[in-house]
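To convert, note that position 386 of the sequence shown is 386 in my numbering; the numbers rise steadily by one, no gaps. Inspection log for the structure reproduced underneath, given as structure tokens.
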Amino acid sequence: MDKLVQIGAGNIGRSFVGQIFSRAGFEVVFVDVDQAIIDALNEQGHYIVEIKDEEPRSILVENVVGINGRETALVAEELATCRVAATAVGPAALPYIYPNLAAGLMRRREAGNGPLDVIICENMRDAADAMYQGVAEHLPEEFPLREMLGAVETSIGKMVPIMSEEERARDPLLIYAEAYNTLICDARGFLNPVPDVPELEPKQNMKAYVDRKLFVHNLGHALCAYFAHLEDPSLEYTWQAVEHPRIGPAVREGMMESARALIAAYPDEFNEENQREHVDDLIRRFANKALGDTIYRVGRDIRRKLGREDRVIGALRFDAEHDTDAPYTCLCAAAGMRFRATDESGEMYEPDLDFARHIYPEGAEQVLRQVSELEPGDPVDQAVLRAVLAADEFISRRREEGRSILDLEGARFGRFSD
Numbered sequence: 001m002d003k004l005v006q007i008g009a010g011n012i013g014r015s016f017v018g019q020i021f022s023r024a025g026f027e028v029v030f031v032d033v034d035q036a037i038i039d040a041l042n043e044q045g046h047y048i049v050e051i052k053d054e055e056p057r058s059i060l061v062e063n064v065v066g067i068n069g070r071e072t073a074l075v076a077e078e079l080a081t082c083r084v085a086a087t088a089v090g091p092a093a094l095p096y097i098y099p100n101l102a103a104g105l106m107r108r109r110e111a112g113n114g115p116l117d118v119i120i121c122e123n124m125r126d127a128a129d130a131m132y133q134g135v136a137e138h139l140p141e142e143f144p145l146r147e148m149l150g151a152v153e154t155s156i157g158k159m160v161p162i163m164s165e166e167e168r169a170r171d172p173l174l175i176y177a178e179a180y181n182t183l184i185c186d187a188r189g190f191l192n193p194v195p196d197v198p199e200l201e202p203k204q205n206m207k208a209y210v211d212r213k214l215f216v217h218n219l220g221h222a223l224c225a226y227f228a229h230l231e232d233p234s235l236e237y238t239w240q241a242v243e244h245p246r247i248g249p250a251v252r253e254g255m256m257e258s259a260r261a262l263i264a265a266y267p268d269e270f271n272e273e274n275q276r277e278h279v280d281d282l283i284r285r286f287a288n289k290a291l292g293d294t295i296y297r298v299g300r301d302i303r304r305k306l307g308r309e310d311r312v313i314g315a316l317r318f319d320a321e322h323d324t325d326a327p328y329t330c331l332c333a334a335a336g337m338r339f340r341a342t343d344e345s346g347e348m349y350e351p352d353l354d355f356a357r358h359i360y361p362e363g364a365e366q367v368l369r370q371v372s373e374l375e376p377g378d379p380v381d382q383a384v385l386r387a388v389l390a391a392d393e394f395i396s397r398r399r400e401e402g403r404s405i406l407d408l409e410g411a412r413f414g415r416f417s418d
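Here is the structure:
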């Protein structure tokens, strides 16, 4: 039986990657530092993914085991003997797994087992370059890294809602997810043949699809959250946002701003018709009441989501580079600074609370320089900075006037085509 080593046994690791490989006949070895999850995997040998959709169903994921990520020798041995590996740990945690990957590659080379492909299931641009650079720091200088490691970028579109403490306590391995089950991956990143897994969809121009995921799908979540929180703080779910008579159209138009920039950047991949279809499909998925995805989940972690390369500021820089007007995305960036949503217990996400107390009071310009890292000498950065500051002033005026922030009559910000 072929084996996948899945580094990260969280939402995407269990609901998506482990699930599709298990159903394709792979043994799945999960690597994680959460000992409770590892113990449960080894005790049960299976888990359930509950699909929350119009036609709900349960998927039994079998042939699974777990190893604690701190057991470097054990992890290295699994990496040395597996057919393929994958990560789903979050971009910030990737540096912590590079020592294990390096040890596994060295052990694999010693055993004569050929190159290892690692499918990088993280929402980040240039993920392959980051992995090659990070793993190289833990290997001898003469190690043939590019011959032994195939770093495979992906576009992760699977939506996984937050589960309550009560639900998690009932079964620590149970996980909810939407029905969408396609894993877009970089065909050119593999050193070995692409694994025979029906849900894998290899692409030749992976950069286009990484950008589409970040600047349309992820931006769409930000638009939902930040517009809903300011326009109607009583809204709790993404489906309520997209069904709202003002918020829904604004979310769609904001997503289409990025879609137009993508068409300009990748005309061989994208056109008006297929991008409108993509946005329509995402809006339909955001409106999935059964999934119960929350405004809090898709909006929290403001500092990351307002980062230079992330879904909002990254999209604006992309729009400006491609002379694409983006007033709704500018408005989203300004609204995101004011996001103060709470979880089911009435608590803000701790890093967002810190942002609200210590960074936002310094002003929007300081946020854009410190958090979004917009550079004074970069013309694109300065165009984005001016546009978002204008959008921030616009929100202040609209709120003083008691008018909707989504009424853009008279607004002139975000005109990057001028």
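Note that beta-carbon positions come from the ideal geometry of N, C-alpha and C, so glycine has one too.
Per-residue burial, residue i [other beta carbons within 10 Å of its own, 16 or more giving buried]
i, result
"Asp-211", "buried"
"Ser-258", "buried"
"Ala-102", "buried"
"Gln-204", "exposed"
"Gly-299", "buried"
"Gln-366", "exposed"
"Ser-417", "exposed"
"Pro-195", "buried"
"His-221", "buried"
"Ala-334", "buried"
"Ser-22", "buried"
"Asp-268", "exposed"
Which of helix, strand or coil DSSP assigns to residue i
i, result
"Cys-330", "helix"
"Pro-351", "helix"
"His-138", "coil"
"Leu-262", "helix"
"Gly-150", "strand"
"Glu-199", "coil"
"His-217", "helix"
"Ser-15", "helix"
"Lys-3", "strand"
"Ser-22", "helix"
"Thr-294", "strand"
"Leu-406", "coil"
"Asp-117", "strand"
Contacting residues, own chain, Cβ-Cβ under 8 Å from residue i (five flanking each side not counted)
i, result
"Gly-18", "Leu-4, Gln-6, Ala-9, Val-28, Phe-30, Val-61 and Val-64"
"Tyr-132", "Leu-145, Arg-146, Leu-149 and Ala-151"
"Ala-356", "Arg-340 and Met-348"
Other residues of its chain near residue i: CB distance less than 6 Å, five sequence neighbours each side excluded
i, result
"Cys-289", "A small correction: the amino acid at residue 289 is Lys; Cys does not occupy that position in the sequence shown. Excluding sequence neighbours, Lys-289 sits near Trp-239."
"Ala-228", "Leu-235, Ala-241, Ile-247 and Ile-295"
"Asn-11", "Val-160"
"Thr-329", "Gly-254, Glu-257, Ala-315 and Leu-316"
Proximal residues to residue i (C-beta, below 7 Å), its chain only, five neighbours per side dropped
i, result
"Glu-309", "Arg-125"
"Gln-44", "Leu-173"
"Val-279", "Val-216, Arg-252, Met-255, Met-256 and Ala-259"
"Leu-389", "Ala-364 and Glu-365"
"Tyr-209", "Ser-155, Ile-184 and Lys-203"
Supposed close pair residue i, residue j - CB separation, criterion 8 Å
i, j, result
"Glu-344", "Ser-164", "6 Å"
"Asn-100", "Val-84", "With 8 Å as the limit, Asn-100 and Val-84 do not qualify as a contact, their Cβ atoms being about 15 Å apart."
"Glu-50", "Tyr-176", "5 Å"
Chain D within 9 Å of residue i, Cβ atoms only
i, result
"Ile-156", "No chain D appears in this structure, which consists of one protein chain only."
Beta strand (DSSP E) segments (min. 3 residues) lying fully within the stretch 153 to 186: Runs of the beta strand (DSSP E) inside the stretch 153 to 186: 175 to 177 and 183 to 186.
Completely contained alpha helix (DSSP H) runs for the stretch 263 to 287, where each covers 4 or more residues: Runs found: 272 to 286.
Completely contained alpha helix (DSSP H) runs for the stretch 342 to 398, where each covers 4 or more residues: Segments of the alpha helix (DSSP H) lying fully in the stretch 342 to 398: 350 to 354 and 364 to 370.
Complete beta strand (DSSP E) runs within the stretch 82 to 109 (minimum length 3 residues, chain order): Fully enclosed beta strand (DSSP E) runs of no fewer than 3 residues occupy 84 to 87 of the stretch 82 to 109, in order along the chain.
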